[in-house]
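S.K.: Per the numbering used here, residue 14 is the first one in the sequence shown, and the count goes up by one each step.
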Amino acid sequence: MPLHTGPGKPDERPRTMNPFYGEANPVVEMTEAPPRHRLPAGPMLPTTAYQLVHDELMLDGNSRLNLATFVTTWMEPQAGVLMNECRDKNMIDKDEYPRTAELERRCVAMLAHLWNAPDPEAAVGCSTTGSSEACMLAGMALKRRWARLNADRYPSRDARPNLVMGVNVQVCWEKFCNFWEVEARQVPMEGDRFHIDPQAAADLCDENTIGVVGILGSTFDGSYEPIADLCAALDALQERTGLDIPVHVDGASGAMVAPFLDEDLVWDFRLPRVASINTSGHKYGLVYPGVGWALWRDDEALPEELVFRVNYLGGDMPTFALNFSRPGAQVAAQYYTFLRLGREGYRAVQQTTRNVARGLAERVESLGDFRLLTRGDELPVFAFTTAPDVEAYDVFDVSRRLREYGWLVPAYTFPANRQDLSVLRVVCRNGFSTDLADLFLEDLTRLLPGLRRQPYPLTRDKEAATSFHH
14 MPLHTGPGKP DERPRTMNPF YGEANPVVEM TEAPPRHRLP AGPMLPTTAY QLVHDELMLD
74 GNSRLNLATF VTTWMEPQAG VLMNECRDKN MIDKDEYPRT AELERRCVAM LAHLWNAPDP
134 EAAVGCSTTG SSEACMLAGM ALKRRWARLN ADRYPSRDAR PNLVMGVNVQ VCWEKFCNFW
194 EVEARQVPME GDRFHIDPQA AADLCDENTI GVVGILGSTF DGSYEPIADL CAALDALQER
254 TGLDIPVHVD GASGAMVAPF LDEDLVWDFR LPRVASINTS GHKYGLVYPG VGWALWRDDE
314 ALPEELVFRV NYLGGDMPTF ALNFSRPGAQ VAAQYYTFLR LGREGYRAVQ QTTRNVARGL
374 AERVESLGDF RLLTRGDELP VFAFTTAPDV EAYDVFDVSR RLREYGWLVP AYTFPANRQD
434 LSVLRVVCRN GFSTDLADLF LEDLTRLLPG LRRQPYPLTR DKEAATSFHH
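Here it is as structure tokens:
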């Protein structure tokens, strides 16, 4: 969540309100409005409070047209009803809500089977508020495992733990390294390689490396990182040096795509070096935010001392989490979706989404103004930039103009070593249908003549060009 500061000097300009907002006294309700930045002196009618909040939220973008987010923006009405029925259940109260806890356990077991755990019954896992928390938990387990194996020299000034990853990681990994005092060793991008290089990652490892992060679905361009090749490079490193370095797979998006569409791709617990995997149930798990999942191969991969056993409200409750209270609605919705779709249903949904991404990417390329970096054939995501001969406008101009039609498409510059490259990225999700893709292409085509007539790109400040920041 963003960190908010106060609004500065409060805006106390008088406001008037539509008299139809108030049921009791329309004259008073028309002339008196609550302050924005301090508590009102007294209560108001629920219909009035609702309408005030509702009207302000109308100024938000339409989530269905937000092609920046990976987060689910549509579910079946039945799922919404179920979530409504569970919104008052605290996920942490497992004794009070044992069936909700049982649904969580079943989801973990289903994911253990889906990700080919060697012994699904022995896999350890939990729900989280999303992949960011799941990554934090996985990182903590990696660090604690390393610290336990190096107890003879850690903590000490000469033993600073490090974590190896590509420069394309989601920002949660940088947060983890900052918060838990771990050195982040990042493999830079090179040329047309926009994610980790397995050998370069192995070369960064040493006796203080707690693990290597591989990403199944980079948020920069939607490409899968070569997890099997990464494990092979670390196997070779162990043969040469004796260093046994585990891999965590950040499958925030891809771990709910690859099992259904890329069954021959080996990236999961079939690789003995993979110690843990996370995913976001609220991304391609097809559930409203926020729910994530973290799984470990077995008890050895998750040090017991990290698990808290709390006597809470009359029961012994093992927990591994960064927070405590959170709603059970999303877990119930995840189980509903697993039950509702099954393997074949998930395969159909994800295949349709990939088909939409591939088809739209090809049509964007056929316009002639753009060059594709990816084509939506791994994650249902594609990234593109302007063609070399386009000089009148840039991707930031395109992003700004698309917003005029309601489409939210991020434009951003790639990180170190490829900061010369700025791209647009389209995320195709369940609910972004072929019809919506047609409308998107129509709007993109409609704005191109105006962009082509520009004397030069109008956006000089790239930081201010888009609200999207990776």
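Backbone N, C-alpha and C define an ideal beta-carbon position, used for all residues, glycine too. What you are looking at is a predicted structure, and each value in this text was computed from that prediction instead of being measured.
#1: Leaving out the 5 sequence neighbours to the left and right, which residues in its chain are closer than 6 Å to R438 when beta-carbon positions are compared?
#2: Rounded to a whole number of angstroms, what is the C-alpha to C-alpha distance between E378 and L415?
#3: Tell me the residue span of the beta strand (DSSP E) that contains M178.
#4: Just to check my reading of the structure: D402 and P470 have Cβ atoms closer than 8 Å, yes? What is that Cβ distance to the nearest angstrom?
#5: What residue does the beta strand (DSSP E) around R438 start on, and which one ends it?
#6: Should the stretch 276-283 be regarded as contacting the stretch 292-301, the criterion being three or more beta carbon pairs within less than 8 Å?
#7: Return the CA-CA distance between E117 and P468, expressed in angstroms with no decimal places.
#8: Who are W484's beta bridge partners in DSSP?
#9: With H, G and I counted as helix, E and B as strand and the rest as coil, what does DSSP make of E187?
#10: Nearest-angstrom Cα distance between T142 and R388?
#11: Would R310 and F282 qualify as a contact pair, given that the criterion is a beta-carbon distance under 8 Å?
#12: What residues are listed by DSSP as bridge partners for A424?
#13: Between the alpha carbons of R157 and R49, how many angstroms are there, rounded?
#14: Considering only C-alpha positions, which residue in the set F337, V195, Y167, P201 is nearest to V7?
#15: So, does the stretch 210-223 touch the stretch 159-179, judging by three or more C-beta pairs under 8 Å?
#16: When the Cα atoms are used, what is the spatial distance from R339 to G372?
#17: For V226 versus V182, is the C-beta spacing smaller than 8 Å?
#18: If you compare alpha carbons, which of Q347, S144, Y167, Y359 is closest to D263?
#19: Determine the direct distance from the alpha carbon of V344 to that of R9, and round the result to whole angstroms.
#20: What does the Cβ neighbour count give for S435, buried or exposed, with the cut at 16 atoms within 10 Å?
#21: In terms of residues, what are the limits of the alpha helix (DSSP H) holding R198?
#22: Tell me the DSSP secondary structure of H50 in three-state form.
M.R.: On the basis of the supplied data:
#1: Non-local C-beta neighbours of R438 in its own chain, meaning closer than 6 Å and more than five positions away in sequence, comprise A396, P423, ordered along the chain.
#2: Whole-angstrom Cα-Cα distance: 17 Å.
#3: Looking at the DSSP string, the run of the beta strand (DSSP E) that includes M178 is 175-179.
#4: About 14 Å; that fails the 8 Å criterion.
#5: First-last of the beta strand (DSSP E) with R438: 435-440.
#6: Taking 8 Å as the limit for Cβ pairs, the verdict is that the stretch 292-301 does not touch the stretch 276-283.
#7: Across the structure, E117 and P468 are spaced so that their CA atoms are roughly 57 Å apart.
#8: With the chain covering only 14 through 483, there is no way to say anything about residue 484.
#9: DSSP places E187 in helix when its eight states are reduced to three.
#10: Approximately 30 Å between the Cα atoms of the pair.
#11: Against a cut-off of 8 Å, the Cβ pair of F282 and R310 comes out as a contact.
#12: According to DSSP, which records beta bridges pairwise, A424 is partnered with L437.
#13: Rounded to the nearest angstrom, the two C-alpha atoms are 46 Å apart.
#14: Residue coverage of the chain in this structure runs from 14 to 483, which leaves residue 7 outside it and unanswerable.
#15: The count of Cβ pairs closer than 8 Å, one atom from the stretch 210-223 and one from the stretch 159-179, reaches three, so the stretches are in contact.
#16: Cα to Cα, R339 sits roughly 39 Å from G372.
#17: Cβ distance < 8 Å, so V226 and V182 count as in contact.
#18: Checked all of Q347, S144, Y167, Y359; the closest Cα to D263 is S144.
#19: Residue coverage of the chain in this structure runs from 14 to 483, which leaves residue 9 outside it and unanswerable.
#20: Taking a 10 Å sphere around the C-beta of S435, we find 16 or more other C-beta atoms and assign the residue as buried.
#21: Counting along the chain, R198 falls outside any alpha helix (DSSP H), though it belongs to the beta strand (DSSP E) covering 196-200.
#22: Coil, per DSSP.
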